[in-house]
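Note sheet for the following structure.
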Amino acid sequence: AVHWAGFTLAQHSWKEPIDRFTYEAQTQKLAYLTPKLGGQFEHSSDIKEPWWEKHQ
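This is the structure we're talking about:
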């Protein structure tokens with residue numbers, strides 16, 4: 072699991088952790104999910120929409 076807070080407390084962009092994570096997961100052909108912050112999902116779902124790219 073990767074913790075990805077929705078607060079601006081770090082020196083990097085808030086999108087950087089998810090961008091790095093999805094890049095590595097795709098490169099290594101790993102299964103992953105990208106649910107929206109605070110959203111609910113079923114473990115069997117296949118959520119990979121890059122929804123964070125639509126936000127600042």
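If you're matching positions, the sequence shown starts at 72 in the numbering used here and goes up one per residue.
We put the beta carbon where it would ideally sit given N, CA and C, even for glycine.
Would you identify the three-state DSSP class for residue i, choosing helix, strand or coil?
| i | result |
| --- | --- |
| Thr-93 | helix |
| Thr-98 | helix |
| Glu-113 | coil |
| Lys-125 | helix |
| Glu-87 | helix |
Going by the C-beta, is residue i closer than 7 Å to any heavy atom of the ligand NAP?
| i | result |
| --- | --- |
| Ser-84 | In the structure on display, the ligand NAP does not appear, and there are no ligands present to speak of. |
By Cβ distance, which residues of its chain are closer than 7 Å to residue i, with the 5 residues on each side in sequence left out?
| i | result |
| --- | --- |
| Pro-106 | Phe-112 and Ile-118 |
Below 8 Å on the Cβ atoms is my guess for residue i versus residue j; work out the distance and round it to an integer in Å.
| i | j | result |
| --- | --- | --- |
| Gly-123 | Lys-86 | For the sequence presented, residue 123 should be read as Trp rather than Gly. Contact holds; Cβ gap of about 5 Å. |
Please report the straight-line C-alpha distance between residue i and residue j, rounded to a whole angstrom.
| i | j | result |
| --- | --- | --- |
| Gln-99 | Ser-84 | 23 Å |
| Ser-116 | Arg-91 | 22 Å |
Within the same chain, show all residues whose beta-carbon is closer than 6 Å to that of residue i, passing over the 5 residues directly before and after it, in chain order.
| i | result |
| --- | --- |
| Ala-96 | Tyr-103 |
Determine, using beta carbons only, whether residue i comes closer than 8 Å to chain C.
| i | result |
| --- | --- |
| Ala-96 | In summary, chain C is missing from the structure at hand, where a single protein chain is found. |
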